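Going left to right, the sequence shown walks through residues 2 to 133 as this note's numbering numbers them. Note that beta-carbon positions come from the ideal geometry of N, C-alpha and C, so glycine has one too. Values in this document were obtained by computation on a predicted structure and should not be read as measured data.
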Amino acid sequence: MTMIPDSHRDLLTGEVVLATLGPDSQPQVTAIVSRLADDGTIEFSLNSSRQKLKNIQKNPRVTVFRADPETPMRTIEVRAKAALFSDPGKVWSQEFGKQFGFDMDSFDGPDDLRIKVVLTPEAVNVLPPAGH
């Protein structure tokens with residue numbers, strides 16, 4: 002697993018942009034909320050009706066991008082492989098949502114399930130380069 006530089010770790014908890022390949026092999030880009038786990042993976046939750054989830058099931062290679070809102074040329078791009086985990090009873094997603102002050106159920110339809118997504122970084126690009 003590729004490590005996230007300490008200089009940019011803060012950018013991966015909060016709003017990020019997630020890119021996947023859609024059913025027509027065109028990029029699909031969506032804003033999501035993620036957090037950087039202690040082990041260096043990136044975590045977020047998707048509901049079972051989202052096209053984004055279907056894209057990941059078809060091709061688990063994704064990219065996460067964020068620009069620092071205070072210093073827009075301070076950016077991080079993480080190319081990663083996604084792993085999907087069921088979230089019985091939506092226990093994990095509710096705990097995740099509380100960290101950001103919202104109820105994950107408010108995004109779901111009555112029959113939606115929640116899926117925990119864990120990204121393992123494979124390549125990381127940062128600006129300015131780490132150490133500058």
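Please report the distance separating the alpha-carbon of residue i from that of residue j.
i	j	result
Leu19	Pro122	13 Å
Ser50	Ile5	30 Å
Ala38	Glu44	7 Å
Ile116	Phe97	12 Å
Val118	Val17	14 Å
Pro73	Asn48	30 Å
His9	Ile77	7 Å
Leu13	Asp112	30 Å
Arg36	Thr42	9 Å
State buried or exposed for residue i, treating a residue as buried only when at least 16 other CB atoms are found within 10 Å of its CB.
i	result
Ala81	buried
Phe86	exposed
Asp88	buried
Val92	exposed
Arg62	exposed
Ser107	exposed
Met2	exposed
Ala124	exposed
Ala83	buried
Ser26	exposed
Could you give the residue range of the alpha helix (DSSP H) that holds residue i?
i	result
Glu96	Val92 to Phe101
Can you find the residues in the same chain that come closer than 6 Å, C-beta to C-beta, to residue i, ignoring five residues on each side of it along the sequence?
i	result
Thr31	Leu19 and Lys53
Phe101	Val34
Let me check you understand the geometry: is the CB of residue i closer than 7 Å to at least one non-hydrogen atom of the ligand NAP?
i	result
Pro129	With respect to the ligand NAP, the structure shown offers nothing to examine, as it has no ligands at all.
Since residue i is in the beta strand (DSSP E), which residue starts that stretch and which ends it?
i	result
Pro122	Arg115 to Leu128
Ile77	Thr76 to Ser87
Glu71	Premise fails: Glu71 is in no beta strand (DSSP E) and is neither H nor E.
Gly15	Gly15 to Leu22
Going by beta carbon distance, what residues of the same chain come within less than 8 Å of residue i, once the five residues before and after it are set aside?
i	result
Leu22	Pro28, Gln29, Asn56, Lys59, Asn60 and Arg62
Asp69	Leu12, Arg75 and Thr76
I'd like the list of long-range same chain contacts for residue i, defined as Cβ closer than 7 Å, with 5 residues on each side in sequence excluded.
i	result
Gln15	In the sequence as displayed, the identity of residue 15 is Gly instead of Gln. The answer, listed in chain order, is Val34.
query = In the region 33-65, which residue ranges form an unbroken beta strand (DSSP E) of at least 3 residues, counting only runs that do not cross its ends?
reply = Whole beta strand (DSSP E) segments, 3+ residues: 43-48.
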